[in-house]
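Residue numbers for the sequence shown follow the working numbering, so the first one is 330 and each next one is one higher. Below is one structure, written out as structure tokens; the observations come after it.
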Amino acid sequence: MPAQTASAHPAGTTGVQVTVRADSVDLEMQIHNAGFTAATGFDIGSDQAALDDIADNLLSFILNRVAVADSVSALEPAVVSEPEFKSINGEDAIVTTVRFANGNRAIEGNIVLDYRFILDVVPSHQVYVSLVSDWNNGVLTEGEPNVVGVLGGGVTEMILDRNASTPANGFFAVVRLGMLHIAEGTDHLLFLTTLLVVAPSGAGRGARGLRWNQPIATKRTIGRATLIITAFTAGHLVTLALVSLGLISFPTKPVEVLVAVSIIVAAIHAARPLLSRGELLIAGGFGLVHGTAFATTILELNLGFSEKLVAIIGFNIGIELAQIIAAALVLPLLIWLSHSHAYAGFRLVTASLAVVAAIAWIVGISTGQDSVLQPLFDAMAHFPVPFYLGLVAVVAALWLGTREATPNKRSMDPEYDAGHAGEHGGDAGPDRLRATFRGERGRIKLRG
């Protein structure tokens with residue numbers, strides 16, 4: 330994300346971003362320079378030192394013209410952040426945050442915002458009011474907040490309706506947000522899919538090292554997929570909690586690059602096993618990276634500590650629900666196709682496409698642009714059913730064209746063979762079986 334405050338209002342206007350907490354209401358005011366000069370008579374350009382000199386007078390001027398009340402009483406203001414210049418919509422704006430509260434009393438009922446700053450001098454000026462989050466009302470916004478009203482033209486007051494507010498609204502909203510984050514997070518889904526594509530295969534050791542063999546038993550496939558998802562969950566839950574609570578932090582761009590790198594590593598493992606059970610190490614290790622990326626969403630909600638704790642749990646539940654749904658849709662197709670000669674090629678093509686997508690992401694991150702494949706990813710996120718049906722059709726066509734009539738479990742299931750190695754005096758993998766067969770044939774000739 331760009332290193333500037335998010336905005337949801339046109340250039341030349343004032344933006345007021347509202348965050349409703351359990352016991353307070355925060356207003357972040359993004360005041361356009363021209364409007365500030367018209368309202369106060371001060372023309373300080375974009376000189377931060379000059380702004381610092383008049384900060385106290387400016388805040389007094391603002392607080393006499395901005396008021397917030399709930400259904401019980403008026404709320405008292407306290408400055409959270411001093412005025413500073415920031416780039417909003419490519420233009421300099423004065424940004425300051427004021428918190429309105431009545432001691433530790435909980436905010437109750439509707440919230441009334443009375444905002445007359447600039448408007449009492451320049452009535453034609455427009456003030457865009459956006460709601461960042463309201464936990465009890467179930468409003469949680471990822472990215473730019475939603476505009477809930479526009480003041481100006483003689484209108485200086487608006488009401489935020491909160492009659493149906495309850496803490497449960499926030500919990501269910503953050504669960505939904507976690508599900509949407511996975512549904513629209515193509516990078517996370519691609520990482521998980523690239524790991525799951527090896528679930529119907531067993532890593533067996535041949536003459537040239539580890540290689541994939543399939544199919545393995547369906548029960549084992551489901552168990553392997555469950556372990557992959559569990560390892561990924563354990564990894565991202567740790568960093569999701571630590572980063573969201575502010576205990577650790579990392580710069581955004583390197584994390585985004587590492588998410589793309591995780592896809593490349595998973596793709597290499599899908600092409601040829603890096604380690605026996607390496608998919609579990611990749612899922613757990615890089616899950617820590619993905620958890621750091623997930624935490625960005627929690628941080629953007631600007632929640633209080635207690636709400637943040639609940640949000641971490643709810644968001645993670647949402648992520649897991651979405652992952653389970655994704656696995657339930659994809660895994661049966663992988664199991665089905667694994668009983669055909671096309672699966673090795675399908676696995677290689679999936680790995681190759683994952684590498685191409687990851688490289689495109691890395692290039693986009695490095696240049697500060699969207700990936701060249703972003704339109705495709707957006708289409709997949711907005712129209713998932715046609716893309717899924719297309720995948721089903723591809724799998725069906727491959728299976729019909731290359732299905733195996735009588736798969737030999739002993740020759741294609743290294744885990745089964747390993748469990749029955751004693752029957753053959755050692756490793757009963759494909760290489761060992763061929764050697765045994767040659768030995769038996771030789772003894773038959775001698776007897777003849």
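For glycine and all other residues, C-beta sits at the position ideal for the given N, C-alpha and C.
Between the CA atoms of P406 and N431 - distance to the nearest angstrom: 9 angstroms
So S459 is in the beta strand (DSSP E); what residue range does that whole segment cover? 456 to 463
Pair every Cβ in the segment 507 to 517 with every Cβ in the segment 642 to 649, then say whether three or more of these pairs are closer than 8 angstroms. yes
Could you round the C-beta distance between I664 and T547 to whole angstroms and report it? I think they count as a contact, below 8 angstroms. 6 angstroms
May I ask you to report which of helix, strand or coil DSSP gives T550? helix
Using the C-alpha atoms, what's the distance from A563 back to L460? 33 angstroms
Please identify the residue among E473, H517, Y672 whose C-alpha is closest to the C-alpha of A528. Y672
With three or more beta-carbon pairs closer than 8 angstroms as the criterion, would you say the segment 631 to 647 touches the segment 594 to 610? no
Buried versus exposed call for N433 [16 or more other C-beta atoms within 10 Å across all chains shown]: exposed
Going by DSSP, name the residue or residues bridged to A440. It should be noted that the sequence gives Ile, not Ala, for residue 440. L489.
Taking 7 angstroms as the limit between beta carbons, can you name the residues of its chain near A379, skipping five residues before and five after? I373
Does the beta-carbon distance from N439 to D355 come in below 8 angstroms? no
Could you check whether L442 and V397 sit closer than 8 angstroms to each other, using their CB atoms as the reference points? yes
Where the beta strand (DSSP E) containing E629 begins and where it ends: From DSSP, E629 is part of no beta strand (DSSP E) but of the alpha helix (DSSP H) over 607 to 629.
Nearest by alpha-carbon distance to A589: which of A622, F579, L569, L604 is it? A622
Quick one: using the 10 Å Cβ neighbour count with 16 as the cut-off for buried, is R676 buried or exposed? buried
Assigned secondary structure, H361 (DSSP; H/G/I helix, E/B strand, else coil): strand
How long is the line joining the alpha carbons of D707 and D381, rounded to whole angstroms? 44 angstroms
What do you get for V678, buried or exposed, if any count of 16 or more other CB atoms within 10 angstroms of its CB means buried? exposed
Who are the near neighbours of V349 in its chain, counting only those whose CB is closer than 6 angstroms to its CB and skipping five residues on each side? D463
Candidates F615, V639, I383: closest to P496 by CA position: V639
Three or more beta-carbon pairs under 8 angstroms between the segment 470 to 489 and the segment 445 to 453, yes or no? yes
Quick one: Cα of G751 to Cα of L556, how far? Confidence in G751 is poor, its pLDDT being 38 and thus under 50, which makes the residue's placement too unreliable to answer from.
Excluding the 5 residues preceding and the 5 following L404 in the sequence, name in chain order all residues of the same chain whose CB lies nearer than 7 angstroms to its CB. V354, V397, A398, F429, A430, N431
Helix, strand or coil: which one does DSSP assign to P736? Bear in mind that the predicted position of P736 carries a pLDDT of just 47, short of 50, making it too unreliable to give a figure here.
Looking at the unbroken alpha helix (DSSP H) that takes in I511, where does it start and where does it end? 496 to 513
Quick check: I391 and L524, are their CB atoms within less than 8 angstroms of each other? no
Tell whether a beta-carbon distance below 8 angstroms holds between E785 and Q359. Because the chain spans 330 through 777 in this model, residue 785 falls outside it and cannot be assessed.
May I ask you to report which of helix, strand or coil DSSP gives H753? Low per-residue confidence applies at H753: pLDDT is 36, beneath 50, and the placement is therefore not dependable enough to give any value.
With DSSP run on the structure shown, which of helix, strand or coil describes A687? helix
Should R553 go down as buried or exposed, given a rule of 16 or more other Cβ atoms within 10 Å for buried? buried
I need the DSSP call for A422, collapsed to helix, strand or coil. strand
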